[in-house]
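Scroll down for the structure; my scribbles are underneath it.
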Amino acid sequence: MATKKAPGKAHRKGISLLELNQIFPTEQAATEWFEKVLWPTERCCGHCGSVKTSEVPNQKPMPYWCKDCRSYFSVRTGTTLENSRLPLRKWAIAVYLYVTHLKSVSSMKLHRDLKITQKSAWFMLHRLRQAGDSSGLEPFCGPSEADESYFGGRRRNMRNSRRKQLEGRGASGKTAVVAIKDRPTNQVRAQVVQDTSGTTLRKFVTDNVQPGGEVFTDDALAYNGLENHRSVRHSVGEYVRGQVHTNGVESFWSMLKRAHKGTFHRLSPKHLQRYINEFAAKHNARNLDTMEQMQIVVAGLVGRNLLYEELIADNGLPSLSRS
Numbered sequence: 046m047a048t049k050k051a052p053g054k055a056h057r058k059g060i061s062l063l064e065l066n067q068i069f070p071t072e073q074a075a076t077e078w079f080e081k082v083l084w085p086t087e088r089c090c091g092h093c094g095s096v097k098t099s100e101v102p103n104q105k106p107m108p109y110w111c112k113d114c115r116s117y118f119s120v121r122t123g124t125t126l127e128n129s130r131l132p133l134r135k136w137a138i139a140v141y142l143y144v145t146h147l148k149s150v151s152s153m154k155l156h157r158d159l160k161i162t163q164k165s166a167w168f169m170l171h172r173l174r175q176a177g178d179s180s181g182l183e184p185f186c187g188p189s190e191a192d193e194s195y196f197g198g199r200r201r202n203m204r205n206s207r208r209k210q211l212e213g214r215g216a217s218g219k220t221a222v223v224a225i226k227d228r229p230t231n232q233v234r235a236q237v238v239q240d241t242s243g244t245t246l247r248k249f250v251t252d253n254v255q256p257g258g259e260v261f262t263d264d265a266l267a268y269n270g271l272e273n274h275r276s277v278r279h280s281v282g283e284y285v286r287g288q289v290h291t292n293g294v295e296s297f298w299s300m301l302k303r304a305h306k307g308t309f310h311r312l313s314p315k316h317l318q319r320y321i322n323e324f325a326a327k328h329n330a331r332n333l334d335t336m337e338q339m340q341i342v343v344a345g346l347v348g349r350n351l352l353y354e355e356l357i358a359d360n361g362l363p364s365l366s367r368s
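Take the sequence shown: its position 124, counting from 1, is numbered 169 in this note's numbering, and each next residue is one higher.
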């Protein structure tokens, strides 16, 4: 007998590798898909946004011409793909692998799957992570759960020179991240922070929750003073009191920590925000069809730019080994 689906919970449609190959059999098919996603109603110039465009007969130096700013452009123009020489078919497959691996995909695996260099695969993944940036969005209505976590290796696994640089106990030498999850929408936002002081954490919460919205946290003193705030006392073993708990946001940490341990060898504080963006974006789109998830990632590439020189620049921060 067939099992009935729970009301309001439609089955998410996935895509197999065979289906993916049928969707993107050629470079032309991949190009047309990118154009459909980025230009859903009408082709527009990536330089100035004008819709007064025309096709270039021989597609050289680019397939389209803008009559307003008098510039050549393609579907890559104005996106993070603009300076990429990789075929769009490989980009489409990379987006598929990126959204379907819940604990992320390593650059080594992507380099093997796409037959590109590991350096190119690493750069490609960081550009896709850039698309998950959620800054500037409207605050949640609440109720919402807020919590902070730390990323970094155990001291006993560090080199002596690194261990001697650290002072204090516990989270000393680790990078702090704060996250908030909205219960009605199940959306998550997370941000790397310089410290976990009350000023920093309360500002993050008030930036992401509308005035009057309920906020649930653990008993960390930093959250005291928030409007409409209630907490559970983890320090004495209390984790749920009626509707007051932080289980939802802690499930987000759980997935992120498993990826940190199981997929990546090291995470740099410089790049950590992009990894956070990746997992927040995946969490927020997890109930959508695979093709819808891919479209969201591609749409997020517009107006963003990440140069390789910027990516590899030394900022003096240590890598975060697996904790």
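Quick reminder that beta carbons are idealized off the backbone N, C-alpha and C, glycines included.
Treat the numbers as computed from the prediction; the structure is a model and nothing was measured.
Distance, residue j Cα to residue i Cα
i           : j           : result
residue 112 : residue 65  : 36 Å
residue 318 : residue 104 : 38 Å
residue 91  : residue 273 : 45 Å
residue 107 : residue 359 : 35 Å
residue 259 : residue 268 : 13 Å
residue 328 : residue 232 : 7 Å
residue 361 : residue 354 : Residue confidence is low: residue 361 scores 48 on pLDDT, short of 50, so the model does not pin down where it sits. No coordinate-derived value is stated.
residue 136 : residue 76  : 10 Å
residue 162 : residue 153 : 9 Å
residue 86  : residue 96  : 10 Å
residue 214 : residue 241 : For residue 214, the predicted structure reports a pLDDT of 41, less than 50, and the residue's modelled location is therefore unreliable. A value from the coordinates is still provided. C-alpha separation (whole angstroms): 15 Å.
residue 249 : residue 67  : 44 Å
residue 301 : residue 270 : 29 Å
residue 210 : residue 304 : Only weak support is given to the placement of residue 210: the predicted model assigns it a pLDDT of 41, under 50, and the value that follows is read from those uncertain coordinates. One C-alpha to the other measures close to 27 Å.
residue 156 : residue 147 : 18 Å
residue 180 : residue 331 : 19 Å
residue 36  : residue 182 : Nothing can be reported for residue 36, as the shown portion of the chain is limited to 46 through 368.
residue 285 : residue 296 : 14 Å
residue 128 : residue 70  : 24 Å
residue 62  : residue 93  : 37 Å
residue 145 : residue 283 : 36 Å
residue 352 : residue 252 : 29 Å
residue 281 : residue 256 : 30 Å
residue 151 : residue 74  : 26 Å
residue 126 : residue 279 : 46 Å
residue 306 : residue 243 : 29 Å
Limits of the unbroken beta strand (DSSP E) element including residue i
i           : result
residue 220 : 220–227
residue 144 : Segment 133–145 is the alpha helix (DSSP H) holding residue 144; no beta strand (DSSP E) there.
residue 234 : 233–238
residue 84  : Here residue 84 belongs to no beta strand (DSSP E), and DSSP marks it neither H nor E.
residue 277 : Residue 277 -> no beta strand (DSSP E), and no H or E assigned at all.
residue 194 : 189–196
residue 100 : 98–100
residue 260 : 260–262
Beta-carbon proximity of residue i to residue j, cut-off 8 Å
i           : j           : result
residue 185 : residue 220 : no
residue 325 : residue 247 : no
residue 277 : residue 224 : no
residue 245 : residue 263 : no
residue 82  : residue 338 : no
residue 178 : residue 322 : yes
residue 189 : residue 158 : no
residue 124 : residue 346 : yes
residue 143 : residue 343 : no
residue 308 : residue 149 : yes
residue 60  : residue 335 : yes
Closest by C-alpha distance to residue i, when choosing among the options
i           : options            : result
residue 236 : 314, 149, 132      : 314
residue 172 : 357, 311, 269, 350 : 350
residue 369 : 136, 100, 137      : The structure shown has nothing for residue 369, since the chain only spans 46 to 368.
residue 357 : 268, 316, 87       : 316
residue 89  : 327, 230, 109      : 109
residue 239 : 222, 282, 250, 336 : 222
residue 160 : 331, 140, 147, 131 : 131
residue 230 : 261, 256, 187, 252 : 187
residue 141 : 170, 164, 257      : 170
residue 348 : 176, 73, 281       : 176
Where the alpha helix (DSSP H) containing residue i begins and where it ends
i           : result
residue 335 : 335–344
residue 118 : It is not in any alpha helix (DSSP H) - residue 118 instead sits in the beta strand (DSSP E) that spans 116–118.
residue 109 : Here residue 109 belongs to no alpha helix (DSSP H); instead the beta strand (DSSP E) covers 109–111.
residue 65  : 62–68
residue 328 : 317–329
residue 253 : 243–253
residue 351 : Counting along the chain, residue 351 falls outside any alpha helix (DSSP H), and DSSP gives it neither H nor E.
residue 156 : 152–159
residue 165 : 163–175
Distance between beta carbons of residue j and residue i, contact taken as under 8 Å
i           : j           : result
residue 57  : residue 266 : Not really, about 41 Å apart at Cβ, beyond 8 Å.
residue 133 : residue 168 : Not really, about 16 Å apart at Cβ, beyond 8 Å.
residue 298 : residue 194 : 5 Å
residue 289 : residue 275 : 5 Å
residue 121 : residue 320 : Actually they do not touch by this definition, with Cβ atoms about 25 Å apart.
Proximity test, residue i beta-carbon vs the ligand HEM heavy atom, cut-off 7 Å
i           : result
residue 330 : In the structure on display, the ligand HEM does not appear, and there are no ligands present to speak of.
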